[in-house]
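Participant: Sequence positions in the sequence shown follow the working numbering and run 184 to 290. Where is the CB? At the ideal position from N, CA and C, for every residue including glycine. Keep in mind that this is a model prediction, so the values were computed, not measured. This structure is in structure tokens; I'll ask about it shortly.
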Amino acid sequence: MCVDKNHRFFSYLFFPLVPQQEPLENPVTDVCLSCICEASSGCDASLRCNGDVCGMFRITWAYWADAGKPVQQGETPDAQNAYANCVNEPYCAARTVQGYMRKFGQN
């Protein structure tokens, strides 16, 4: 079981502000999402694109596309910088992980 000492901080950071455009049921718990973030980058929100991966979850373009190409408000999935703008922003990056797991997650 993955338990994050900063669970409350992480939950506050990501979940109260995630727009409700996604279905209310998220397949990844906030504790698990926190662990994924911690394992990916130490949850370093200052990380940007480096090679084929971007952001604190180190998301690739293919992963983002498989997740349904979530975008920041006012942007379209086909915009030139939609991928980088989303996955370098913590809330959109978390929605990307949720979208991917919604599509591919298994019990």
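1) Relative to the alpha-carbon of SER229, which residue among ALA248, ASN209 and PHE240 has its alpha-carbon at the smallest distance?
2) Among the candidates GLY288, THR243 and GLY225, whose CA atom is the shortest distance from the CA of VAL270?
3) Which parts of the stretch 206-265 are runs of the alpha helix (DSSP H), unbroken and 4 residues or longer, counting only runs that do not cross its ends?
4) Exposed or buried, ARG231, counting other C-beta atoms within 10 Å across all chains shown (16 or more means buried)?
5) With 8 angstroms as the threshold, decide whether the Cβ of PRO260 is near any Cβ in chain C.
Facilitator: According to the structure shown:
1) Position 46 of the sequence shown, counting from 1, holds the residue named residue 229. Out of ALA248, ASN209 and PHE240, PHE240 has the C-alpha closest to the C-alpha of SER229.
2) Along the sequence shown, one-based indexing puts residue 270 at 87. Nearest C-alpha to VAL270: THR243.
3) 213-224 and 244-249
4) Residue 231 sits at position 48 when you count from the first residue of the sequence shown. Label assigned to ARG231: exposed.
5) Annotation note: the requested chain C is absent from the structure, which comprises a single protein chain.
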